[in-house]
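Enquirer: Numbering (our numbering), first residue to last: 113 to 422. Every residue gets a Cβ at the ideal spot worked out from N, C-alpha and C, and that includes glycine.
1) Just mark residue 204 as buried or exposed, buried being the case when its beta carbon has 16 or more other beta carbons within 10 Å.
2) Which residue wins for smallest C-alpha separation from residue 345, given the options 358, 319 and 326?
3) Do the segment 283-294 and the segment 313-333 make contact, defined as three or more Cβ pairs closer than 8 Å?
4) Between the Cα of residue 133 and those of 403, 158 and 329, spot the shortest distance and give me the residue it belongs to.
5) To the nearest angstrom, report how far apart residue 130 and residue 369 are at their CA atoms.
6) Give the straight-line distance between the Cα atoms of residue 192 and residue 171, rounded to the nearest whole angstrom.
7) Quick one, which of 328, 314, 377 and 332 has its alpha-carbon nearest residue 356's?
8) Which residues in the same chain have their Cβ closer than 6 Å to the Cβ of residue 408, if we skip the five residues on either side of it in sequence?
9) Residue 398 and residue 412 - do their beta-carbons sit closer together than 7 Å?
10) Should residue 201 be labelled buried (16 or more other beta-carbon atoms within 10 Å of its own) or exposed?
11) Ignoring anything shorter than 3 residues, give me the beta strand (DSSP E) runs that lie fully in the segment 309-341, in order along the chain.
12) Relative to the alpha-carbon of residue 331, which residue among 220, 392, 310 and 403 has its alpha-carbon at the smallest distance?
Structure follows, in structure tokens:
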């Protein structure tokens, strides 16, 4: 797996919140759910996203917006329309002021007009895994991906499935949301003005790209800068300098953070022991993993696993 695929493979929706909003103006929704990542796709019509700092961004039909949490923001027909509802943690909806005629309008559908000219598709990641969190941290607060043939195709498929009820539907929707997100991220990161994270740019480098792939494919190996440089076929100093310049951190620092991210994600699987996780991510013992994990996150692996169960 190349480095970009490894990181884009990070978000794994688990019981993601998905909803179609059917709307006629005036409408405005204050989003305060504090979700780590939300995908907004405009199926018909248009909308405005207003961030907490006052920045506004218009999204039209076919566009996809990615909003990084936990910031609050507003989605409305116009930036000046006062919020009529507030969506809090757990997707709890509360009327604001005099309230509105917002109501359920069918399977995973909600809004103020079943025939509304604006149709939004919302997919919310309540708790992306740690590998996904690394990706989320690399994103700006708001990413708008203009209508693209690839993203439009998967968005239409996701929208069709959101309106269905069938056995296994939650799993199907989770996977389709992941595909839609990855499609949008690829389009965004490929744009020169996107200022994509260092690891994305570095993946195409003839020296750093192969090194990243080795670290992602084989995190359990006892890598050193010398052995990694040997495997790539360059001098140790060359790899260290070029890796740091393009990725933004030295190779071994990157490897440590990647191992901790993988371990954090693996801790969600209660069938895996700490010893097994330690071996899979390159630590000789649970104690060694615990020491590195606590240094990086401030809590032990056991404590982190306990919070996942609460």
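Expert: Let's see:
1) Here residue 204 corresponds to residue number 92 of the chain shown, with the count starting at 1. Classification of residue 204: exposed, given that the 10 Å Cβ count is below 16.
2) The count along the chain shown starts at 1 and reaches residue 345 at position 233. Considering only alpha carbons, the answer is 319.
3) Not touching, per the Cβ criterion.
4) Mapped onto the chain shown, residue 133 falls at position 21. When only C-alpha atoms are compared, the closest one is 158.
5) As a working mapping, residue 130 is identified with position 18 in the chain shown. As a working mapping, residue 369 is identified with position 257 in the chain shown. A straight line joining the alpha-carbon of residue 130 with that of residue 369 spans about 31 Å.
6) Residue 192 sits at position 80 when you count from the first residue of the chain shown. Residue 171 sits at position 59 when you count from the first residue of the chain shown. One C-alpha to the other measures close to 16 Å.
7) Residue numbering aside, residue 356 sits at position 244 when the chain shown is read from its first letter. Nearest C-alpha to residue 356: 314.
8) Walking along the chain shown from the start, residue 408 turns up at place 296. Correct list, in chain order: 372.
9) One-based indexing of the chain shown puts residue 412 at position 300. One-based indexing of the chain shown puts residue 398 at position 286. Going by C-beta atoms, residue 412 is not nearer than 7 Å to residue 398.
10) The residue given as residue 201 occupies position 89 in the chain shown. The residue is exposed, with fewer than 16 neighbouring Cβ atoms inside 10 Å.
11) Fully enclosed beta strand (DSSP E) runs of 3 or longer: not present.
12) Position 219 of the chain shown, counted from the first residue, corresponds to residue 331. Answer by Cα proximity: 392.
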